[in-house]
Structures are given as structure tokens and as C-alpha cells.
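Okay, structure first, notes after.
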Amino acid sequence: MAIITNAPRGTQDTLPSQSYKWQHIEQTALDTARLFGFREIRTPTFEHTELFARSVGDTTDVVQKEMYTFEDKGNRSITLRPEGTAGVLRAALQNGLLNDALPVKASYLISCFRYEKPQAGRLREFHQFGVEMLGSASPVADAQVIAVAKSIFDTLGVTGLRLEINSIGCPACRAKYHQALKEYFYSHQEDLCDTCKDRLEKNPMRILDCKSPVCAEIAKNAPVVLDYICDDCKVHFESLQSNLDAMGIEYVVNPTIVRGLDYYTRTVFEFVATGIGAQGTVCGGGRYDGLIKMLGGPDTPAIGFAMGLERLLLVMEQCGCEFPPEMGCTMYIGSMGPKAALKAVELCAALREEGFYGECDTVGRSVKAQMKYADKLGAKFSCIIGEDELAQNKAKIKNMKTGETQEVSLDSESFVDFIYGGTIDEMVDYTDGLIDLKISQMNLQKKGEEDE
Ligand code: HAM
Numbered sequence: 003m004a005i006i007t008n009a010p011r012g013t014q015d016t017l018p019s020q021s022y023k024w025q026h027i028e029q030t031a032l033d034t035a036r037l038f039g040f041r042e043i044r045t046p047t048f049e050h051t052e053l054f055a056r057s058v059g060d061t062t063d064v065v066q067k068e069m070y071t072f073e074d075k076g077n078r079s080i081t082l083r084p085e086g087t088a089g090v091l092r093a094a095l096q097n098g099l100l101n102d103a104l105p106v107k108a109s110y111l112i113s114c115f116r117y118e119k120p121q122a123g124r125l126r127e128f129h130q131f132g133v134e135m136l137g138s139a140s141p142v143a144d145a146q147v148i149a150v151a152k153s154i155f156d157t158l159g160v161t162g163l164r165l166e167i168n169s170i171g172c173p174a175c176r177a178k179y180h181q182a183l184k185e186y187f188y189s190h191q192e193d194l195c196d197t198c199k200d201r202l203e204k205n206p207m208r209i210l211d212c213k214s215p216v217c218a219e220i221a222k223n224a225p226v227v228l229d230y231i232c233d234d235c236k237v238h239f240e241s242l243q244s245n246l247d248a249m250g251i252e253y254v255v256n257p258t259i260v261r262g263l264d265y266y267t268r269t270v271f272e273f274v275a276t277g278i279g280a281q282g283t284v285c286g287g288g289r290y291d292g293l294i295k296m297l298g299g300p301d302t303p304a305i306g307f308a309m310g311l312e313r314l315l316l317v318m319e320q321c322g323c324e325f326p327p328e329m330g331c332t333m334y335i336g337s338m339g340p341k342a343a344l345k346a347v348e349l350c351a352a353l354r355e356e357g358f359y360g361e362c363d364t365v366g367r368s369v370k371a372q373m374k375y376a377d378k379l380g381a382k383f384s385c386i387i388g389e390d391e392l393a394q395n396k397a398k399i400k401n402m403k404t405g406e407t408q409e410v411s412l413d414s415e416s417f418v419d420f421i422y423g424g425t426i427d428e429m430v431d432y433t434d435g436l437i438d439l440k441i442s443q444m445n446l447q448k449k450g451e452e453d454e
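Taking our numbering, the leading residue of the sequence shown gets 3, the next gets one more, and so forth.
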């Protein structure tokens with residue numbers, strides 16, 4: 003039985019009482035990226051395994067150990083996406099997006115899947131917001147992409163994140179660096195884990211982000227890539243820094259960042275939080291100038307990032323960020339008897355048409371139980387319609403906070419007018435900001451019309 007009532011390890015439910023936080027983060031991220039020209043792209047949750055093996059890299063932990071891969075009924079190897087970049091590039095190539103004016107700018111909100119050991123901030127199903135900018139090699143693009151992430155954090159009120167940047171060079175300088183790494187790691191060969199022994203020849207840079215504590219200790223004294231980058235890459239990296247300085251974005255150069263995916267070239271960066279546990283990297287990204295060509299497309303430089311939304315939420319809660327409150331129930335219209343119930347349904351529909359949250363009984367409860375429920379919902383107003391109210395075509399609307407009542411005709415227009423014209427000053431006191439805002443905006447608009 004437990005298997006039915008327990009979610010799989012490393013997954014999380016977002017309950018109705020919490021989803022407004024996610025909606026706030028997601029909408030802020032999309033809107034902020036839009037200010038930089040990024041529009042949302044939606045791609046499938048699963049892709050052909052080959053796409054990830056080739057782009058993320060078959061010596062990475064993600065591909066070697068963490069992918070949810072299965073054969074579908076047509077004997078195709080399919081993988082639940084472990085990240086978003088590969089799918090965006092596949093979609094861009096398949097749909098000819100690179101034939102449009104460059105750069106192409108896309109943002110995405112996705113769930114990702116990695117078979118990792120779950121811990122705080124590390125899940126098997128997690129969520130990312132990301133952006134990809136395809137078609138610019140300029141360091142201005144790098145700085146703009148970093149600025150998108152920074153701007154999202156600022157808009158959400160996140161403080162205390164440290165931006166760390168590095169350059170891991172281009173294929174030309176990478177060869178020299180690989181050689182230096184190999185020499186270093188060969189001198190510690192016996193102590194490396196089996197996966198890293200295998201990586202030594204194929205891709206020594208991957209040893210730098212191995213999760214085994216012994217490998218991590220050895221990696222501490224390995225040569226750093228910044229000492230090996232060529233003059234072009236140096237100029238690019240310096241120009242990125244000037245651009246960040248120009249925007250007043252603070253950063254530190256961390257020459258040990260290499261990132262865990264194979265496709266990166268030149269700029270790599272991370273936003274790191276202290277205080278949410280070992281998994282402090284809230285956002286990671288970088289340039290991947292060779293990837294589009296490697297996937298069969300035109301030679302197109304590109305850069306992007308993805309932020310982990312579970313980690314972002316942890317950071318926001320830790321630093322006391324505010325979330326705009328949800329829209330609460332405007333009015334609960336209780337009823338006694340089938341005729342009154344129909345009236346309640348009709349009036350609720352009218353309130354909703356005006357954008358207010360109206361509730362009525364959908365269970366068949368007693369009036370007392372209906373009012374108890376209205377209280378639980380935190381309804382601002384309530385009324386009860388029974389035989390008498392129907393006969394007189396009037397009902398008393400009660401302000402649930404002050405207990406005051408006001409008699410209103412039982413028709414849609416009067417109910418809606420009551421809300422608009424209602425006790426605005428009192429309502430502004432409510433903590434429920436959204437509806438107050440809507441009402442004051444409506445009133446301002448009305449006042450403007452009257453003044454004209
Ligand atoms: P990544 O560093 O693998 O990069 O993931 C980006 C972010 O996703 C991480 O910084 C972290 O916040 C979050 N994340 C990763 N794994 C987990 C997990 N198991 N549980 C919770 N959160 C996690 C990428 O995915 C690249 N595609 C980013 C990119 C886009 N580079 C260029 N464009």
C-alpha cells in the first residue's frame with residue numbers, strides 16, 4: 003500500500019497552499035527575461051537518448067550515472083531530460099530557428115530528471131528556469147545573459163548570492179590544459195575512483211567535478227584552466243568583466259569552476275548561496291560555442307544558464323523574501339434550499355465574471371457548516387440566501403472582519419456594485435493585497451471617468 007501513497011524517492015509535491023510561491027517565481031523569471039528579449043520555448047519532457055549522450059557528454063556523471071533512460075514500445079532509447087539546453091538546441095535546429103535574425107533568445111521552465119542521491123536541494127525530479135541565447139560570440143552576450151539571472155534574483159529580493167565566473171578556454175587552449183591535467187592526475191592514478199581512472203585518457207577535466215571525496219581532494223591541487231587559456235580567450239574573459247563592471251554586477255573570478263557538463267567553452271559561471279547546505283549552486287551556465295555544430299547545425303556560438311527552482315525557493319525562504327499573497331475569497335454566498343442555491347450559483351458567476359473570487363455551497367452543507375467553511379476560506383464578505391431573502395429579493399451582506407452588514411438586492415449588478423463600491427478603506431487594511439489592488443484600481447479608473 004505504501005508504494006501507492008508515497009511519492010518516489012527524490013520527488014516532491016507542490017501543494018495548493020504553496021503553489022502561489024512557485025507561480026510568483028516562475029512569472030517573475032519569465033517576465034524579467036522578457037525584458038531582455040527572451041521568449042518562452044516549450045520542448046518535450048523526453049528526447050532520444052543520443053541527444054543527451056552527445057551534448058551533455060558521455061563521460062559526465064549525468065550521462066554515465068544519472069539519466070532516466072528506457073526503451074519505449076517501439077524499441078527506441080528514450081531519456082527523461084536531465085537538463086534543458088540540449089532540447090532547446092534540437093528544437094531550434096528542427097524548426098529552423100537559426101534562419102531567423104540572430105541571436106535567437108529562448109527561455110524555459112522545465113522539470114528535469116537525474117538519478118542522484120537525494121538531499122536538501124538535490125532531487126531526482128527538479129525544476130529549472132533557463133535561458134539560451136544562440137548566435138553571438140561577443141562577451142556582451144555573456145554579460146547580458148548573466149544580467150538576466152542577476153535581475154531575476156534582484157526582482158525576487160534574493161540577497162547573499164555570490165556570482166563566480168571563470169573561463170575554461172576554447173578547443174585550442176583546452177588541448178594544452180588537458181595535457182597538464184593528465185600529467186597531474188597520472189601521478190595520483192592509483193587513488194582515483196574507477197570512473198575517474200577511465201576518464202583520465204578520455205576527458206581529464208571531468209575528474210575535477212567528481213563527487214567522490216578522494217578524487218575531490220586530489221583535484222584541489224590540480225592545475226587551473228585560467229593559467230592555460232589563449233590570448234583570444236583572455237581578451238574575451240576580460241571584456242566580459244568590463245561589461246559586468248559597466249552594469250555594476252559584482253563577481254569573483256573562481257578559477258576552479260569547470261561545470262559538470264561537457265559542452266562548455268570559454269565563459270562559465272555560477273551563482274552560489276551559502277547557508278542552504280552543500281547544494282549551494284542556485285544557478286549555473288556558460289558558453290557552448292561548439293555544441294550546435296556538433297549536433298549537425300551551422301557553426302553558431304551560444305550561451306545560457308539554468309537556475310534550480312527548488313534551491314531558489316530554499317534561498318528565498320532563508321533570506322525572508324516576500325511572496326505576494328494569493329487572491330482570497332471575496333464573497334461566500336450561502337444558501338438554504340434548492341431555489342436559493344441556484345440564486346447563489348448565479349450571483350457567484352456574476353462576481354467571477356468581474357474577476358472576483360466567489361464561492362457557494364457545492365457539498366450540500368447546513369447553513370452553519372457553510373459559514374464555518376466561509377470562515378476557513380477567509381472570505382471577506384458572506385451572505386445567506388433563504389426563503390425570506392428570495393421573497394424580498396434582498397440579502398444582508400456581512401463584512402466578515404468587522405461584522406457590519408449591509409442590505410443588497412439579490413441581483414448580479416447590485417452584488418458586483420457592492421464589491422466595487424464597498425467599504426474600500428476597510429478593505430485596504432486586509433493583508434490580502436491582490437484584491438484590494440484590483441478594487442482600488444477600479445475605483446481610480448471610475449473616478450477618472452467621472453472627472454472627465
Ligand atoms: P546544471 O549546473 O547541471 O546546468 O544545472 C543548473 C542548476 O539546476 C543547478 O545550478 C542547480 O540549481 C539545479 N540542479 C541541478 N541538479 C539538481 C538536482 N538534482 N536537484 C535540484 N536542483 C538541481 C544545466 O543544467 C545547464 N543546462 C545550464 C545551462 C543552460 N548552461 C547553458 N545553458
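In this text, a Cβ means the ideal position worked out from N, Cα and C, and glycines have one as well.
- For C285, the shortest separation between its Cβ and any heavy atom of ligand 1 lies below 7 Å.
- Here the distance from the Cβ of Y70 to the nearest heavy atom of ligand 1 is not below 7 Å.
- With a cut-off of 7 Å, the C-beta of E52 is classified as distant from ligand 1, since no heavy atom of the ligand falls inside that distance.
- Taking a contact as a CB-CB distance under 8 Å, the pair A346 and D363 counts as one, their CB atoms being some 7 Å apart.
- Of the residues assessed, R201 falls on the buried side of the cut-off, its CB having 16 or more other CB atoms within 10 angstroms.
- The closest CA to that of M309, considering only L163, G39 and C198, is found on L163.
- Within a 10 Å sphere around the beta-carbon of V237 sit fewer than 16 other beta-carbons, which makes this residue exposed.
- Counted as a single uninterrupted DSSP element, the beta strand (DSSP E) harbouring E127 occupies residues E127 to L136.
- If you check the CB distance, C175 and C217 do not come in under 8 Å.
- In the structure shown, L344 adopts helical secondary structure according to DSSP, grouped into three states.
- Secondary structure at C385: strand, using DSSP grouped into helix, strand and coil.
- Judged by DSSP secondary structure, V317 falls outside any beta strand (DSSP E) and instead within the alpha helix (DSSP H) spanning L311 to Q320.
- According to DSSP, R289 shares a beta bridge with T267 and I305.
- For K236, the enclosing alpha helix (DSSP H) starts and ends at D233 to A248.
- Between the alpha carbons of E356 and S19 lies a gap of roughly 24 Å.
- Rounded to the nearest angstrom, the gap between the Cα atoms of P327 and Y22 is 8 Å.
- Taking all protein chains in view, the Cβ of F72 is surrounded by fewer than 16 other Cβ atoms within 10 Å, so the residue is classified as exposed.
- Taking C-beta atoms under 8 Å as the contact rule, F307 and V106 fail to qualify, at a distance of about 16 Å.
- Between the C-alpha atoms of L165 and F273 there is a straight-line separation of about 4 Å.
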